[in-house]
Amino acid sequence: PVAILVGAILISISILLSGGILRIKGFNSGATNPGVATPGETENTAPLPEPSIGPVKVSLDDDPVLGDKSAPVTIVEFSDYECPFCKRHFDQTYGQLKTNYIDKGKVKLVYRDLPLSFHDPMATTEAIAANCARDQGGDSAYFKFHDIIFEKTTSNGNGLTKDQLYQFATNQGLNQANFKACLDSEKFKDEVSKDLADAANAGATGTPSFVIGKSTGAEIEGKLIIGAQPYSVFQSEIDSLLQ
Numbered sequence: 460p461v462a463i464l465v466g467a468i469l470i471s472i473s474i475l476l477s478g479g480i481l482r483i484k485g486f487n488s489g490a491t492n493p494g495v496a497t498p499g500e501t502e503n504t505a506p507l508p509e510p511s512i513g514p515v516k517v518s519l520d521d522d523p524v525l526g527d528k529s530a531p532v533t534i535v536e537f538s539d540y541e542c543p544f545c546k547r548h549f550d551q552t553y554g555q556l557k558t559n560y561i562d563k564g565k566v567k568l569v570y571r572d573l574p575l576s577f578h579d580p581m582a583t584t585e586a587i588a589a590n591c592a593r594d595q596g597g598d599s600a601y602f603k604f605h606d607i608i609f610e611k612t613t614s615n616g617n618g619l620t621k622d623q624l625y626q627f628a629t630n631q632g633l634n635q636a637n638f639k640a641c642l643d644s645e646k647f648k649d650e651v652s653k654d655l656a657d658a659a660n661a662g663a664t665g666t667p668s669f670v671i672g673k674s675t676g677a678e679i680e681g682k683l684i685i686g687a688q689p690y691s692v693f694q695s696e697i698d699s700l701l702q
């Protein structure tokens, strides 16, 4: 409980916009020239941090997994459904990773939540909603919901409404009454809070953040990659681990 509280407090500290990352003020991102800008300014006002930091360790928790669970390389993604840079990663990089590595059994993706305070309540609501989808249909239902959120949101905290989330559940063939009860009761809020704490402990300085490495049981040790880095950054790190 203490770790969760501390993590939530750290995440709640003022968050700044920089390059391809929504950065949490007060952490050392490893950037050579952070050049942070205030929320609302253009996405491209500052450079990304250095591509990788580490190694770091992070728990896989019991979060949803995309791909072969025995894949040799694991990516843990800490992300915010309302973060425009997380959406950029989804639009520009996620599909290539899925086609070239995840679908071929080389990599599995573990998705963990890092909703930022200035994107709430919808960022946390969407994180809970995806977990409610998983509650009914397992990991495959989770990632279908994950995909539709990123496809439909306009980001920045007001990209979707709860009514749209209810409709997504119906369109996906989920029981809407059960889904609505799960979402309205915030059934998975504690699970989201645990992800926040683990993100802080891993040194995730903003969204999106990724740890790429080889998992040993319930945790992974690997490089921390911060920001919506280009596909080539992920490709280089994954290929080195597959050698």
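Note that the numbering used here gives residue 469 to position 10 of the sequence shown, counting from 1, and the numbers run on in steps of one.
Backbone N, C-alpha and C fix where the C-beta goes; we use that ideal spot for every residue, glycine too.
This one's a predicted model, so the numbers in the text were calculated from it and none came from an experiment.
Checklist entry - Do you know whose CA, among SER644, VAL515 and PHE537, lies nearest VAL524's CA? => result For this step, residue 524 is matched to residue 65 along the sequence shown. Among SER644, VAL515 and PHE537, the Cα nearest to that of VAL524 is on PHE537.
Checklist entry - When you compare each of THR533, GLY676, ASP527 and HIS605 to VAL670 by their alpha carbons, which one comes out closest? => result Taking the sequence shown and counting its residues from 1, one reaches residue 670 at position 211. When each option's Cα is compared against that of VAL670, the closest is THR533.
Next on the checklist: Looking only at its chain, what residues have a beta carbon closer than 6 Å to the beta carbon of ASP550, apart from the 5 residues adjacent to it on each side?
Outcome noted: If you number the sequence shown from 1, residue 550 lands on position 91. Closer than 6 Å at the Cβ level, and outside the excluded window around ASP550, lies no residue.
Checklist entry - Where does the unbroken alpha helix (DSSP H) through ILE561 begin, and where does it stop? => result Position 102 of the sequence shown holds residue 561. Looking at the DSSP string, ILE561 is not in any alpha helix (DSSP H), and its letter there is neither H nor E.
Next on the checklist: On the criterion of 16 or more Cβ atoms from any shown chain inside 10 Å, does GLU696 qualify as buried, or is it exposed?
Outcome noted: Along the sequence shown, one-based indexing puts residue 696 at 237. So GLU696 counts as buried.
Checklist entry - For SER529, which of helix, strand or coil comes out of DSSP? => result Working through the sequence shown from its first residue, we reach residue 529 at position 70. Looking at SER529 - three-state DSSP - the assignment turns out to be coil, as it is neither helix nor strand.
Checklist entry - Could you give the C-beta distance for LYS546 and THR620, rounded to a whole number, given that I count them as a contact under 8 Å? => result Counting from 1 along the sequence shown, the entry for residue 546 is found at position 87. Counting from 1 along the sequence shown, the entry for residue 620 is found at position 161. No, LYS546 and THR620 are not in contact; Cβ-Cβ is about 17 Å, not under 8 Å.
Next on the checklist: Checking 9 Å against the spacing of the C-beta atoms, do LEU655 and ASP572 come in under that value?
Outcome noted: Reading the sequence shown from its first residue, position 196 is the one you call residue 655. Reading the sequence shown from its first residue, position 113 is the one you call residue 572. In contact: LEU655 and ASP572 (Cβ atoms closer than 9 Å).
Item to check | C-alpha gap between GLN626 and ASP643, whole angstroms | outcome: Residue numbering aside, residue 626 sits at position 167 when the sequence shown is read from its first letter. Residue numbering aside, residue 643 sits at position 184 when the sequence shown is read from its first letter. Taking the straight line joining both Cα atoms gives about 14 Å.
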